[in-house]
Amino acid sequence: MIRLGLCCKFIDQPIKFRTATANYLKRHKEKGEDPYVYLNDIVNNNVDSLEKAILYCHSIGVGSFRIGSDFLPISTHPDFHYTLKDLPDGSKLIAKLKEIALLAKEKNVRLTFHPSQFVILNSPKDDVVEKAIADLEYHASIAELVGADVINIHGGGGYGDKLSALARFEENFKHLSPKVKKRLTVENDDKIYTPNDLLPLCKQLNIPLVYDVHHHRCLKDILTEEQATNAALETWNREPLFHISSPLYGWDSNKTHHHHDYIDINDFPKFWKSIGPFTLEVEAKAKELAILKFKKELSI
DNA sequence: AGCGGTCAAGTTGAT
DNA sequence: ATCAACTTGACCGCT
12 MIRLGLCCKF
22 IDQPIKFRTA
32 TANYLKRHKE
42 KGEDPYVYLN
52 DIVNNNVDSL
62 EKAILYCHSI
72 GVGSFRIGSD
82 FLPISTHPDF
92 HYTLKDLPDG
102 SKLIAKLKEI
112 ALLAKEKNVR
122 LTFHPSQFVI
132 LNSPKDDVVE
142 KAIADLEYHA
152 SIAELVGADV
162 INIHGGGGYG
172 DKLSALARFE
182 ENFKHLSPKV
192 KKRLTVENDD
202 KIYTPNDLLP
212 LCKQLNIPLV
222 YDVHHHRCLK
232 DILTEEQATN
242 AALETWNREP
252 LFHISSPLYG
262 WDSNKTHHHH
272 DYIDINDFPK
282 FWKSIGPFTL
292 EVEAKAKELA
302 ILKFKKELSI
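Numbering of the first sequence is given in this note's numbering, commencing with residue 12 and proceeding in unit increments.
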């Protein structure tokens, strides 16, 4: 049994998540307007959209939804940082998110997060790490409310010495709150950290590996796809989570990491059909259209 | 309505 | 040196 996951947004469905820029908020504020009133509108919209997203995913047999990092836009920006309770509708929004957690549970839609590329826990720069921690804590506060069990990040930079960079990841992990720690996962990327690089970190910290088979094909290591899959499965103390995508220009191109609008069924590792229940996030630009086509071709 | 310029942030590698 | 890529183009402001 494979639970398919939709990432962040929709192509055809009228479900929109809004965002804001710090520059606009600044100009807004200079005109004497309250930026938090503006943000309040956006967050109200996003909370409503999350409910619609869960209901829609459930209606098409998609069992997981990744919430975009701009769910509360600008919330960790130095000039405008805020949390839900700082917004005019704060209490209402918190109550609504708790209802959404129950809805997701009832509809069996798993919720996840994937913080942005700027969240780097292993940087040699203290300020970068501090910002990463703040961002992870922001994600965890929403995750706690809506019942999301995954906050997935990459290993970070290599800095010419991956071993000491990973040691820094381990050290900085200690500074995270329990609510981040119990949700944090790491994913192999297409440039620096392979599954084989990350497995020792996962074992050391007791955190799961999100196995991205596309990235593994872009950046290989000594592990076969079967070995990486099995090793990743062992790191999970809950339903495992994997990623799939297809290369935009094909596997012969020199730019294999670009994502295609759809999933080529041949990119799905056949042996994944016979492993236990897991979540498979589909990273395809055509979103729900791609997932519907993929689901049909997989006959699940 | 359509379009061009802009957007907070880190790191890497292609050009 | 510049810039695209990454989980994601969306948004404002002008015509």
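Heads up, the beta-carbon is just placed ideally off N, CA and C, and yes, glycines get one too.
Every value quoted in this text rests on a predicted model; they were computed, and no experiment measured them.
Separation of Leu244 and Glu41 (C-alpha to C-alpha, rounded to the nearest whole angstrom) is 52 angstroms. The DSSP-derived three-state label of Val157 is helix. By the Cβ test, the segment 213–226 is in contact with the segment 248–256, since at least three Cβ pairs between them sit closer than 8 angstroms.
The segment 49–61 makes contact with the segment 81–91: 3 or more CB pairs, one atom from each, lie closer than 8 angstroms. Exclusion of the five residues before and after Asn133 leaves Gly167, Ala176, Arg179 and Phe180 as the residues of its chain whose Cβ lies within less than 6 angstroms of its Cβ.
Here Leu15 is buried, its C-beta having at least 16 other C-beta atoms within 10 Å. In the DSSP assignment, Glu41 falls outside any beta strand (DSSP E) and lies within the alpha helix (DSSP H) extending over Ala33 to Glu41. Judged by their CB atoms, Thr290 and Arg121 are nearer to each other than the 8 angstroms cut-off. Taking one beta carbon from each stretch, the segment 190–198 and the segment 211–218 have 3 or more pairs nearer than 8 angstroms; the two touch.
Excluding sequence positions up to five before and after Trp262, its CB lies within less than 8 angstroms of the CB of Arg228, all in the same chain and listed in chain order. C-alpha of Lys20 to C-alpha of Arg77: approximately 9 angstroms in a straight line. Under the three-state reduction of DSSP output, Phe129 falls in the coil class, being neither helix nor strand. Closest in C-alpha terms to Ile164, from the list Leu36, His69, Asp200 and Lys173, comes Asp200. Per DSSP, Gly72 lies in no alpha helix (DSSP H) and is assigned neither H nor E. If you ignore the 5 residues before and after Ala143, its C-beta comes within less than 6 angstroms of the C-beta of Val130, Ile131 and Leu132, all in its own chain and listed in chain order.
Between the segment 58–73 and the segment 101–118, the count of C-beta pairs closer than 8 angstroms reaches three or more; the two stretches touch. Here the alpha carbon of Lys116 sits roughly 9 angstroms from the alpha carbon of Val157. Judged by DSSP in its simplified three-state form, Cys19 adopts coil rather than helix or strand.
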